[in-house]
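Down below is the structure, laid out as structure tokens.
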Amino acid sequence: MRLHRLDITAFGPFGGTQSVDFDELSAAGLFLLHGPTGAGKTSVLDAVCYALYGSVPGARHSGQGTALRSDHAAPGTRTSVTLELTVAGRRLEITRQPPWERPKKRGTGTTLDKAQTWLREYDAGAWKDLSRSHQEIGEEITQLLGMSREQFCQVVLLPQGDFARFLRADAEARGRLLGRLFDTHRFAEVEKRLAERRRATEAGVRDGDAELLADAHRMQQAAGGAMELPELAPGDPGLAEAVLTAAAVARSTAREQLTVARCGLAAAESAQVAADRALDDVREVARLQRRFAEARERARLLEERGDAHRADRQRMERARKAEAVAPALELRESADAEHRAAAAAEARARAALPESFAEAGAAGLAAAARRTAEELGGLESARRAERRLADVRAERADLDRQERADEEILHEAEVWLAGWETTRAGLQGRIDAAQEAASRAEQLAVRREPVQKRLGAARMRDQLAGDTEAAQQRALASGERALQARAHWLDLKEQRLNGIAAELAAGLQDGEPCAVCGATEHPAPARKVAGHVDREAEERALAAYQRAEETHAEDERRLGVVREALAAATAEAGDTPTGQLVEEAEELERLHAQARRAASGLHAAREELRRAEQEHERRTAARREAELRAASRLARRDALDRERISLEGELAQARGSSGSVAARAAELEDRVARLTEAAEAARHAEDTAQRLKDADARLADAAFRAGFDTPQAAAAALLDAAAHRELQRRLDARQAEEAAVRAVLAEADTAAAAQQPPTDLAAAEEAAAVADQRVRDAASACDAAARRCAELDRLSARAAAGVRRLGPLREEYDRVARLAALAAGTSAENERRMRLESYVLAARLEQVAAAATVRLQRMSSGRYTLVHSDDRSGRGRSGLGLHVVDAWTGRERDTSTLSGGETFFASLALALGLADVVTDEAGGVRLDTLFIDEGFGSLDDQTLDEVLDVLDSLRERDRSVGIVSHVADLRRRIHAQLEVVKGRSGSVLRQRGAGH
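Using my numbering, the letters of the sequence shown correspond one by one to residues 10 to 1005.
In structure tokens, the structure reads:
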């Protein structure tokens, strides 16, 4: 990589545009970048880094974007950095412009422009645009250079003091720096991934062990406390084997307990069988004894009831004889009942007849009934005429009602139709008025919306006018405060620069080189005067100025927003006063509401007209139908009147003295019915009297043949069905009881049991209950033992399956834990406690030390050699130790023991060696331009010459080296120079080639 040209505008301390011709400076190989402290030497290197990577290096990395802009730049000048370089055989030009708050083209205030980037390539005699994308350009440059921004800043822009601190740093600090340069985070990521995987597998093993211990506690609970658990925690080695062993012991114990319980159950069951057999024998003897005693008691009772049994037998014999007379008795009772009912019916029928029929017989009553029926038959035609007369009168009355209803309909129709034209005209007028109001409401609605918008805009205009004035006052006040803060900061800065010598002198120590001239003796250091301004005071003033400037910019932005809103509102509302617009809007709203209210009755008026037209049609049709019905009713009324007169004459003749034909017919029908009923009752009474006489003769003959003196005696001996069944039941029960008692007393077992002494049933039952309880207790114990064995077998199988399932994970955890400990340097196998990343960095440091030794030996006249050490320092880890070998003493010592001058050329050699190694690491990209920012003031003349010779040797193969320093002696030794001159209006660059 070779730099050709750098153009800087409004960047850092440079208020205007400055250019650097690196081709002219690199012609001599060595060139000097010098200037007063704070002039901006480092800002030139920052501009190179910003052009390549879009950010500045080191601690200045936080100041990006708008903070890169120069405070000395004119408001209309945009910050810009352009770098022309050759890399990988391609000549490129990179232009970067950070975000910029520029003044608005219209109005006051500022607006923010986004950052911009251009990449061009010189090809075939012309510049060609490649890209304008920040991301694409960044990736392209990083790929061409082969190194990141951090690597570039360490390799090309060798920073002041970094490598001196690297020499004195401990292993951890060196590891952080080398890790950034050689991008070994992937090895750190490997360590991290191994640790995460170890934790994950450890968590899995612990979870599995926790489940295993939970199963073990369940087994201990199932074993009834007979199982001893191992005193191990989840994750401890040997936990699985201990749990499985304890489970096996518990299962064996449980099986032994099950065997014992089964033997106890068998013995208890045998004793229960014997006790039950004895109880059954005792119960059988007791039953037979009770049976014999009960049979003797029943025989005694039968003897006591012998007389009653003999009386029942005699009564049963008389009842059997009386059963032969029962049919005659039933016949006589039936005939008597029938005769009494017939006589009563005859008496009732004769009581309903006139007295003239009191002595008439059955034949006379039947003849009178026939004569009355013949008279009734002659009234049938008169009855039909009477029914027809009722129908005629009903129809005539219905015609009269219809006539009255039609007259009312005609009257109402005439009255309603008389006002139809007036009603129709009124409704049509309402419809026309509502339609006109609807059209007017639509027109007013179209006019109302623009007026409402103008009114809203006018109100916003009035409000924004006041907001604009307030925002303008705030912007003016904040701008005044920002100008005052800037003036105060510049005054303090100038005062500090005037007294900077005293500030630098405050840090001088005897024997230590001066940061300005490099001298180790300080005979007359400057003293601070009263009112001296230090760095803290200047930074506070700068921070106050920046806060005031940010506040002013925010106020300007808000003012611009308010002004834009005011202009938009004014353009929409115009110059019409808000009050006039309010009146106009209210008038339109009133007219629109009035028109809408008038138009709201349109639908109702149309519906009312439609209903009125339907009513007109209905009433017209009703009037026409009523007139037609009136004409037809007139002819029908005349016909009905003629028929009514004819029927009334016929009926007057037929009904006689009765009120009506129906009354006369009803009277004759009733007479026929009573006469007929009386005749039938008289004949039936005569028949029943004859049957009763015959039944009495048959009953007397049957009683004599059955052996009874009178029919009454036979009737008394006769039993009804219920009494007969009850008497037969008692006789049968007596006979059965006698047979049963004789059978029981004849049983040999019962008689033998009666000869034995009384049994003790309670003692036998108690013995059987005790045996049964022992069986239940033994069965419960056996079941509990069986359940314990089954539960232990189930839990043991589950635990064994869990151990088998956890086996691969446990093996993986052991393997991963070993690798993670080895990579982290905590394993006993890692004797030097060297982490994996440290191991890789140690190899890189060994290469850096070898490359640095080549230049260090030349700078130190062959005295010093840098070597890498793997030894541990104290309790820390090893791998990144760095020692220096002194050829004069032959001893090896730590680099922190070097003096100030020795530390400088050792760190310079280390930086150059590191640049070579990083370059090789980046793919061998050639670095034709280097910058060294180190304190050369700590070197004596001879050492300075040797160092410059080494740097001058870097010119081999057309390489140039830029030295950043303010040591005066270097201006005499190096002719090609780039001077940074500072002033109140910003810094400027002055370039001088080797020929000047």
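Glycine residues also receive a C-beta, built at the ideal position from the N, C-alpha and C atoms.
As the structure is a computational prediction, the values presented were derived from the model and not from experiment.
For K123, the three-state secondary structure derived from DSSP is coil.
Listed in chain order, the non-local C-beta contacts of I509 below 7 Å within the same chain comprise T46, local neighbours out to five positions each way being set aside. Collapsing the DSSP output to three states places H975 in coil. In this structure, A748 sits away from A331, with a CB-CB distance that is not shorter than 8 Å.
Non-local C-beta neighbours of E652 in its own chain, meaning closer than 6 Å and more than five positions away in sequence, comprise V401, ordered along the chain. DSSP places I983 in the coil class of the three-state scheme, outside both helix and strand.
Contact annotation: A375 and A690 have beta-carbon atoms that are not nearer than 8 Å. Put simply, the backbone Cα of R739 is about 23 Å away from that of R300.
A Cβ-Cβ separation of about 6 Å places L831 in contact with E838 under the 8 Å criterion. Residues of the same chain with a CB within less than 6 Å of the CB of A351, apart from the 5 flanking positions on each side, are H693, A694 and T697 in chain order. Annotated three-state conformation of T697 is helix, per DSSP. The alpha carbon of G899 has as its nearest neighbour, out of S916, L921, L875 and G922, the alpha carbon of L875. In the three-state reduction of the DSSP assignment, A830 falls in the helix class.
Residue burial is scored here from C-beta neighbours: T126 has at least 16 other C-beta atoms within 10 angstroms and is therefore classed as buried. The beta carbons of S35 and T938 sit closer together than 8 Å.
With contacts defined by Cβ atoms closer than 8 Å, L362 and A687 form a contacting pair. Sequence-distant partners of T759 (beyond 5 residues in either direction) whose C-beta falls short of 7 Å from its own C-beta, in its chain, are L297, R300, F301 and V753. When DSSP states are grouped into helix, strand and coil, W429 belongs to the helix group. Across the set R743, D441 and D895, the C-alpha of R743 shows the shortest separation from the C-alpha of R307. The Cβ-Cβ distance between H13 and Q986 does not fall below 8 Å. In this structure, the CA atom of E855 is about 12 Å from the CA atom of S847. The beta-carbon distance between L41 and I983, rounded to whole angstroms, is 4 Å. This is short enough to meet the 8 Å contact definition. Going by beta carbons, L921 and A861 fall inside the 8 Å limit.
Separation of A771 and A284 (C-alpha to C-alpha, rounded to the nearest whole angstrom) is 13 Å. If you draw a straight line from the Cα of V997 to the Cα of R872, it comes to about 43 Å.
The segment 494-508 makes no contact with the segment 570-580: fewer than 3 CB pairs, one atom from each, lie closer than 8 Å.
With a threshold of 16 other beta carbon atoms within 10 Å, R814 falls short and is exposed. When only Cα atoms are considered, R439 and A614 end up about 6 Å apart.
For the pair A60 and G24, the CB atoms are not nearer than the 8 Å cut-off. The beta carbons of M868 and A918 sit closer together than 8 Å. For H81, the secondary structure class from DSSP, reduced to helix, strand or coil, is coil. Non-local C-beta neighbours of R468 in its own chain, meaning closer than 7 Å and more than five positions away in sequence, comprise T587, ordered along the chain. Rounded to the nearest angstrom, the Cβ distance from T91 to E102 is 7 Å, consistent with a contact under 8 Å. When secondary structure is reduced to three states using DSSP, G890 falls in the strand class. Going by C-alpha positions, A259 is about 27 Å away from P817.
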